[in-house]
Every structure is written in C-alpha cells, then in structure tokens.
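Encoded as structure tokens, the structure appears first; notes follow it.
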Amino acid sequence: MSKVLPQELQVARTLLGKSHDYFASILWNLEFIEKPEVLTTAIDQYWRVYYNPDFVKSLSKEEMQGVLVHEMGHPLRNYFQRAEFFEDKMLFNIAHDMEMNPGIIDSGLALPKDCAMPQQIGAPNGLLAEEYYHLLQQ
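All letters in the sequence shown, in the order written, are residues 5 to 142 by the working numbering.
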C-alpha cells in the first residue's frame, strides 16, 4: 500500500499542524486510506481516515483543513461510543456533524458549503448531537 498522500491532503495537514499545533500529534498519526466509494471523507474508531480523491481535489486548502478537524472531531468527541445508543446511525452522524461544525467555522477554519449545520433545521448552535438527533427525527 502506498503511503504517498495527495498533495491537497499533505498541504492541509502541514498548514493545520502549524496553525493549530495542539492537533499536530493526531494529524501525524492519522492513517489515510484512499477509498473512491466513500462520497467525501470518513474516520473510524482506529483513526483511519478514508477519503474520496475527487472530493479532496475539489476542496480549497482552507476547506481541507476544516474537514481534517471535522474528521478528528468524531473520535475526540467520543462519537463511536455515543452512537451506540441510537438506532439510526446515519442520522446520529448528521447530528454529530451539527454539534461540531459551528465550532470549526467559529475557530476561523472553513468547511464545504453543504456541510450539516443546525440552522438547516432551525436549531441553535451549541446543542449536543443527542439533542440534534431528536430534532432531526421530528
């Protein structure tokens, strides 16, 4: 298996490691796996990031940095254990995205335009994924 990453990922990881050095040790320990069948990006509980190469190429440097923070946020916020309590895992994933994404934007990073945000369902920022999940069910 090749360890060479697309330039877009290499640049984003380096810039993010320099600007947000508290993420550096995580960034350099992520395992990146090209997976065209993944629509965007995903991470598992073992800190493996799966990415669609076309999606990665479509992002700006700023968006790619935000996406990396977003993916790291899932295990950092205990997503995998929290999701076990919910029947609809995909819906909980969207709810978890709504929990994280406003903070990523507020930190000065960018995310793709179509990312899940609480305002899309008329909800405020600052709720937990569990709260967004119940709102999404309505």
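C-beta atoms are modelled at their ideal positions from N, C-alpha and C, and glycine is treated no differently. None of the values given here were measured: they were computed from a predicted structure.
Distance between beta carbons of residue j and residue i, contact taken as under 8 Å
i, j, result
"A87", "Y136", "The pair is not a contact, with the Cβ atoms about 13 Å apart (cut-off 8 Å)."
"M121", "N105", "6 Å"
"Y54", "K39", "4 Å"
"M76", "I30", "6 Å"
"V60", "L113", "No, V60 and L113 are not in contact; Cβ-Cβ is about 16 Å, not under 8 Å."
Inter-residue Cα distance where the pair is residue i and residue j
i, j, result
"W32", "L19", "12 Å"
"D92", "Q69", "28 Å"
"A133", "H78", "11 Å"
"S62", "P116", "10 Å"
"N129", "F90", "21 Å"
"A127", "L140", "10 Å"
"L13", "D118", "20 Å"
"I109", "V71", "11 Å"
"I125", "F96", "14 Å"
Beta-carbon contacts of residue i that lie in its chain and below 8 Å, excluding the five residues immediately before and after
i, result
"L9", "R17, F36"
Neighbourhood of residue i by C-beta, 6 Å cutoff - its chain only, sequence neighbours within 5 removed
i, result
"W51", "L34"
Proximity test, Cβ basis, 8 Å: residue i and chain D
i, result
"W32", "As a matter of chain content, chain D is missing from the structure shown, which is built from one protein chain."
7 Å CB neighbourhood of residue i in its chain, flanking five on each side removed
i, result
"F84", "Q49"
With three or more beta-carbon pairs closer than 8 Å as the criterion, would you say the region 20–29 touches the region 38–52?
no
Only counting runs of 3 or more residues, tell me where the beta strand (DSSP E) segments fall wholly within the region 36–113, in order along the chain.
45–47, 52–55
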